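Step one of this worksheet: look at the structure below.
Protein chains: 2
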Amino acid sequence: MPTDDERRTGLSRTLYEEFRARIVDGTFPAGTPLPSTRALAAERGLSRATVSLVYEQLAADGFIESRTGAASRVAVGATQATPSGRSKRARTKLPAPDRLAGSLSPIGQHIASLKLADPSPTAPGEIDFVYGPLSGSDFPTLTWMKALRAVERQRSRRLEYEDPRGNMELRRALQAHLSQARGLACSVEQLMIVSGSQQALDLCARLLVEPGGGVVVENPGYRMAHHAFEAYGAKLLCADVDAYGLVTEQLAALGPAQLAYVTPTHQFPMGSFLPIARRHQLLEWAAERHAWVIEDDYDSEYRYAVRPEATLQSLDNRGCVIHVGTFSKTLSPQMRLGYMVLPPALVEIFAGGKRVTDRHAATGVQRALARLLEDGSYDRHVRRIRRLQQVRQRALLDALTRHMGDEVEVQGAASGLHLVVWFRALPATAERALVDAARQQAVRVHPISPLFHPSKTAQLLKRSAGLVMGYALLEADIIEDGVRRLAKALLQVRQQTG
Amino acid sequence: MPTDDERRTGLSRTLYEEFRARIVDGTFPAGTPLPSTRALAAERGLSRATVSLVYEQLAADGFIESRTGAASRVAVGATQATPSGRSKRARTKLPAPDRLAGSLSPIGQHIASLKLADPSPTAPGEIDFVYGPLSGSDFPTLTWMKALRAVERQRSRRLEYEDPRGNMELRRALQAHLSQARGLACSVEQLMIVSGSQQALDLCARLLVEPGGGVVVENPGYRMAHHAFEAYGAKLLCADVDAYGLVTEQLAALGPAQLAYVTPTHQFPMGSFLPIARRHQLLEWAAERHAWVIEDDYDSEYRYAVRPEATLQSLDNRGCVIHVGTFSKTLSPQMRLGYMVLPPALVEIFAGGKRVTDRHAATGVQRALARLLEDGSYDRHVRRIRRLQQVRQRALLDALTRHMGDEVEVQGAASGLHLVVWFRALPATAERALVDAARQQAVRVHPISPLFHPSKTAQLLKRSAGLVMGYALLEADIIEDGVRRLAKALLQVRQQTG
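Chains as they are written, first to last, in our numbering: chain A, 661 to 1158; chain B, 661 to 1158.
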């Protein structure tokens, strides 16, 4: 139940809105005397105090002028001087949602033209082999809450903007972690904390690529990275991916480029580790072209065999590699925490870019994460979920063999949170039918075609149908069930297309 | 003390690094056979297991090729093919930090040219009348921790990317809050949560302003907003600010513009509430030019008299006003949470822009803030700190009267977390001397001149010296002490310049 105060607020709000609307739309022109508070109170059945409050507010907002001992009057200039079509309900007459009141920038136009559709939500009971989301039950809730509590108890006396590169506690802890876990050597000066790796890509696109400038990308590849570059008007130069990753032999023929975006530790989506010889070729190409190279190290935590740890950054003696990492694959994509290891020459420019963009990453979660890294609980967590994910991957591989055997070919099982599954003798054009048939079996699967650049349709026609199958959300028995149903769907599609 | 495992990690890391360096720099060319694990273990005093591990890692990283029953050999292509100047210590020979390996984009060049210097840190014992930071002791720590705990306990089953406009719980709570506290009517669709208001400005600059496009700004004004526009190559069109805020009569003469950035509720730094007639003029100008208008509502919570609540957004019947707000002034600037109320026609474009930029704001803090808004504790907190800030402002006003009386003129006391203090008969050119003399008295004060656009030096010469004095960090007795010392500094400066 509303209190008296709240009721009065409600009544005075209504009266205020009524007078404001009539003043703005010209029903009460400038100079119109307002009724006395006594008269209006009597007329509306309100207290004089309520009416007085409304008049005070109208005066404070500049709609009326009050003078002691005289009637309040509508202020000069308070009326909207719309030359025609003045309406009593002007406020509610918003233009059609697609009518722009002003213009868009070239970047705005690029972004408006991107296809950034949301996937339709998963229905209850559906088994979703999606790649990207993590399971809430894998999150180290207790450890995280303990860290948050500790951080909240030690709030600093002065809440002010931080270094745009991020909180120093986290950068120190991260430096030690990267050295230990990735053999990556850098100073804390070179480390910048960002709002997920997407922001790292956005900053690179913005600060390094001019409109029309060439950006080499892997095809198939991580489309959200491509979109980050396209947003700034970059020209995507697609290099093929074979069983070893980016085909570096193609680089020379791709034309002028300012940047290359690669996933050398675990090519997305194909899953290969870029061989050392190709790494050298890539860096030589970058040196010749004076191009930057982004190394997106998005899921190196999930190597299930001997873990290759050499980063492209460690081979870079020219300061052209920007190493990007994330906590979205080990903690949560909702946490929005990633990092960049910047070449020394770019540190100041990127710090400036980050500051103008959004000042710095939020402090609380950074400090909590620093604690997890410092006290070893992050490493323990990673070891734990690596085992969990390996069990899930094993279940998926087993189920694929059991239910589809020779009909499928699997790529990328050495690491990561997804597999690429190719369907032998099923053309790529049948992917949609397979997805739909699976949906009939309450299974969500995700075709690989959208990860190819749309301009490469010729490649599409030569390929088999393929799926990117994530397993991070699913337990072993569900995975088995899902693959069994997928096999049914596949049979159906083969019968239809066969 | 390191465990055996860690010691082995340390030793194997050293050995790994040594071999990698020699392979990469060509000391061990392709095809070179490696010593047997037995021989190397004996030579280095290591276990064979350690050496085997290192060889496995080198093979996994592609530096060597292992064959069962034969010596491992350096892999073809593992050597860096630097044509000249090959060095055994190539890895450590980074270029000079100012030598760029590639080029910068126009935006990168703009940002590199901005003056974004950090203020020097406050020394212990210094009294800092800075505007911006909040006091850690004003933060509602217990309420916040309770909200964080509740949120952590209700983690969703599926951790996935959210709507780029932000968490729906927060957007619903915020919609109700804005309606109640600001009389602002909007749908949850129009609301977008951003990483502080700076990100809102950055998105507007990026999506709405083309390079060379005009942006009207207040002079003096909020320089970090100006920088956001300058980063994208915008041309700043400076309009003067008088006692009533932006001088809208000047708009017509400023030339073509795509956007205007204003602080109508509380002009920064001068503190005025833009009168209704000027608001109409601004919106008419925007309609004629097809320009967008950003309404930065950065501290409307701190009105100490009757609170004007009319927003520019509520007068907009064309869908050209973008309303921007923040929690940096009521909770903490380190939290990085702000919001935008978008015209319907811009919703989709800004959602796309936010998604490409950094996906969405972090989920945890959004959900915790939603709880504060829903259960009324945010409102209670705002009422509490408004009283606290008013006490501090009163202390500052009293101290200024007591110690400097007629020597100063104060502007902007009706609201906010700062005052503008003008020093009569002291020229603007003496600001630096005043700041330095105050520093000698262990008082930090902040001149107003940097808030004027650098191109307006003529205006500077006509002005008196002025300070922007913030009080949010200081308690009443410290404020009194600080102003007493500032008066001493002023006397000193007057004697020097007089």
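We put the CB at the ideal spot given by N, CA and C, even for glycine. None of these values were measured; they are calculated from a predicted model.
The alpha helix (DSSP H) spanning A:Pro766 covers which residue range? 766-773
Have a look at A:Pro871 and A:Tyr892 and give me their C-alpha separation to the nearest angstrom. 6 Å
Listed by chain order, chain A residues near B:Glu822 by CB distance under 8 Å: Gln994
Report the rounded CA-to-CA distance for A:Phe928 versus A:Arg825, giving the unit in angstroms. 27 Å
At what residue ranges does the segment 692-721 of chain A contain a whole run of the alpha helix (DSSP H), taking only runs of 4 or more? 697-704, 708-720
Quick one: what does DSSP say B:Gly745 is sitting in, helix, strand or coil? Reliability of the predicted coordinates at B:Gly745 is poor, the pLDDT of 39 falling under 50, and no value is obtained from them.
Of all the residues that make up the segment 675-694 of chain A, which are near chain B by a beta-carbon distance shorter than 8 Å? Tyr676, Glu677, Arg680, Val684
Check whether the Cβ of B:Ser672 lies closer than 7 Å to any heavy atom of the ligand SAH, and answer yes or no. Because no ligand of any kind appears in the structure shown, any question about the ligand SAH cannot be addressed here.
Contacting residues, own chain, Cβ-Cβ under 6 Å from A:Thr1157 (five flanking each side not counted): Ala1090
Using DSSP with H/G/I as helix, E/B as strand and the rest coil, what is B:His1078? In the structure shown, the three-state DSSP call for B:His1078 is strand.
Anything in chain B within Cβ reach of A:Asp1141, meaning under 8 Å, just list it in chain order. By Cβ distance, chain B contributes nothing, its closest Cβ being about 18 Å from A:Asp1141, past 8 Å.
Spatially closest choice to B:Gly1013 from A:Asn827, A:Ala1011, A:Thr1017, by CA coordinates: A:Thr1017
Per-residue DSSP class, three states only, for B:Met1129: strand
Kindly indicate which residue of B:Ala951, B:Glu1008, B:Leu713, B:Tyr958 has the alpha-carbon position closest to the one of B:Thr925. B:Tyr958
According to DSSP, what are the bridge partners of A:Asn977? A:Asn977 has no beta-bridge partner at all, per DSSP.
Answer with buried or exposed for A:Thr1117, where buried requires no fewer than 16 other C-beta atoms within 10 angstroms of its C-beta. exposed
Using the Cα positions of B:Arg1040 and B:Leu1033, report the straight-line distance between them to the nearest angstrom. Looking at the backbone, the Cα of B:Arg1040 and that of B:Leu1033 are separated by about 10 Å.
Quick check: the segment 1021-1028 of chain B against the segment 993-1007 of chain B, are at least 3 beta-carbon pairs closer than 8 Å? A contact exists between the segment 993-1007 of chain B and the segment 1021-1028 of chain B.
Own chain, CB closer than 7 Å to A:Val790, minus 5 neighbours either side, in chain order: Arg1104, His1106, Gly1130, Leu1133
Counting pairs of Cβ atoms below 8 Å between the segment 777-787 of chain A and the segment 1119-1126 of chain A, do you hit three or more? no
Establish whether the CB of B:Pro766 and some CB of chain A are separated by less than 8 Å. Closer than 8 Å: yes.
For A:Glu1140, I'd like the list of residues in its chain whose CB is within less than 7 Å of its CB, leaving aside the five on either flank, ordered along the chain. Ala1055, Ala1059
Simplified DSSP state of A:Tyr882, which is helix, strand or coil: coil
Mind checking which residues open and close the alpha helix (DSSP H) that includes B:Tyr921? Taken as a continuous stretch (DSSP letters only), B:Tyr921 belongs to no alpha helix (DSSP H), being part of the beta strand (DSSP E) at 919-922.
Minimum Cβ-Cβ distance from A:Ser855 to chain B less than 8 Å: Taking Cβ atoms only, chain B reaches closer than 8 Å to A:Ser855, which makes this a yes.
Continuous beta strand (DSSP E) assignments of at least 3 residues falling wholly in the segment 924-967 of chain A: Listed in chain order, the complete beta strand (DSSP E) runs (minimum 3 residues) inside the segment 924-967 of chain A are 952-956.
Straight-line CA distance for A:Gln1152 to A:Ala1097? 7 Å
Comparing the C-beta of B:Gln918 with each C-beta of chain A, is any distance below 8 Å? yes
Chain-ordered chain B contacts of A:Gln1049 [CB-CB under 7 Å]: Result: empty, since nearest Cβ-Cβ is about 14 Å, beyond 7 Å.
Beta-carbon gap between A:Pro932 and A:Ala885 smaller than 8 Å: Here residue 932 of chain A is Ser; the residue named in the question, Pro, does not match the sequence. Their beta carbons are not under 8 Å apart, which means A:Ser932 does not touch A:Ala885 by this criterion.
Taking 8 Å as the cut-off, decide whether the C-beta atoms of A:Val875 and A:Tyr921 are in contact. yes
For chain A, is any of its Cβ atoms less than 8 Å away from the one on B:Cys980? Yes, its Cβ sits closer than 8 Å to a Cβ of chain A.
Would you kindly work out how many angstroms separate the C-alpha atoms of B:Arg680 and B:Phe723, rounded to a whole number? Straight-line spacing of the CA atoms in B:Arg680 and B:Phe723 works out to 7 Å.
Please confirm if A:Phe1083 has its CB atom under 8 Å from at least one CB of chain B. Answer no: the Cβ-Cβ gap between A:Phe1083 and chain B never drops below 8 Å.
Assuming A:Leu943 and A:Leu914 form a contact by the criterion Cβ under 8 Å, report the distance between their Cβ atoms to the nearest whole angstrom. Approximately 16 Å separates the beta-carbon atoms of A:Leu943 and A:Leu914; this is outside 8 Å, ruling out the contact.
Between A:Gly1130 and chain B, is the shortest Cβ-Cβ distance under 8 Å, so that the two count as touching? Closer than 8 Å to the CB of A:Gly1130 there is not a single CB belonging to chain B.
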